[in-house]
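Enquirer: Quick one: this structure, given as C-alpha cells, is what I'll be asking you about.
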Amino acid sequence: MNYIVENWYIVVGLLALCVALFYVRLTDVQEWLLGVVTEAEKQLGSGTGQLKLRQVYDKFLEKFPLLSVLVPFKMFAEMVDKALERMRLMLAGNSYAQSYVEGK
Numbered sequence: 038m039n040y041i042v043e044n045w046y047i048v049v050g051l052l053a054l055c056v057a058l059f060y061v062r063l064t065d066v067q068e069w070l071l072g073v074v075t076e077a078e079k080q081l082g083s084g085t086g087q088l089k090l091r092q093v094y095d096k097f098l099e100k101f102p103l104l105s106v107l108v109p110f111k112m113f114a115e116m117v118d119k120a121l122e123r124m125r126l127m128l129a130g131n132s133y134a135q136s137y138v139e140g141k
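Shown next as C-alpha cells:
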C-alpha cells in the first residue's frame, strides 16, 4: 500500500494512459462501424433497423470482445446512430456509394 501512496503519480499516469487508449480504440470502432452499417444497409435494406442493429452488434462482439465488455449497449447504439448519419451523408454526396448500397 505504501508503494501506491508513494508513487501515486505512476498510478494516475497509467490510468490516464488506459483512458486515452480506450478513447483511441473507440475512434477505431467508429471508423469500422461506418463500413459495417453500410454493409448491413446493403444486405437488409430500409425498414429493418432493429435487425441491422443486432447484426452490427453481433459483429462488434466478434471483432472487439474485450471492448464489448467495457462499452454498454446504449453507448454502442449511439455510436451506430453516428455511423448511420455519416453513411447517409456519404450516400447523399456520392452516387457510386449510393449505387453500391442500393445494388444498382
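Take the sequence shown: its letters are residues 38 to 141, numbered as in this note's numbering.
A virtual CB, placed ideally from N, CA and C, is assigned to each residue, including glycine.
(1) Using a threshold of 9 Å, state whether the C-beta atoms of Val74 and Met112 are closer than that.
(2) Using CA atoms only, rank isn't needed, just tell me which of Asp95, Gly72, Pro102 and Glu43 is closest to Lys119.
(3) Within the same chain, show all residues whose beta-carbon is closer than 6 Å to that of Lys79, passing over the 5 residues directly before and after it, in chain order.
(4) Under 9 Å between the Cβ atoms of Val93 and Val117?
(5) What are the boundary residues of the alpha helix (DSSP H) that Gly82 is part of?
(6) Buried or exposed for Val66, please, with buried defined as at least 16 other CB atoms from any protein chain shown within 10 angstroms of its CB.
(7) For Val108, which option in Glu43, Met38, Leu63 and Leu52 has the closest C-alpha, if you only look at C-alpha atoms?
(8) Can you give the beta carbon distance from Leu88 to Leu81, rounded, assuming they're within the 8 Å contact cut?
(9) For Asn39 and Val49, what's the separation of their Cα atoms in angstroms?
Expert: Reading it off the structure:
(1) Val74 is not a Cβ neighbour of Met112, given a cutoff of 9 Å.
(2) Here the closest residue by C-alpha is Gly72.
(3) Hits under 6 Å: Val138.
(4) Less than 9 Å separates the beta-carbon of Val93 from that of Val117.
(5) Careful: Gly82 lies outside any alpha helix (DSSP H) and carries neither H nor E.
(6) Taking all protein chains in view, the Cβ of Val66 is crowded by 16 or more other Cβ atoms within 10 Å, so the residue is classified as buried.
(7) When the alpha-carbon of Val108 is set against those of Glu43, Met38, Leu63 and Leu52, the nearest one is in Leu63.
(8) Yes, Leu88 and Leu81 are in contact; Cβ-Cβ is about 6 Å, under 8 Å.
(9) Rounded to whole angstroms, Asn39 to Val49 spans 15 Å at the Cα level.
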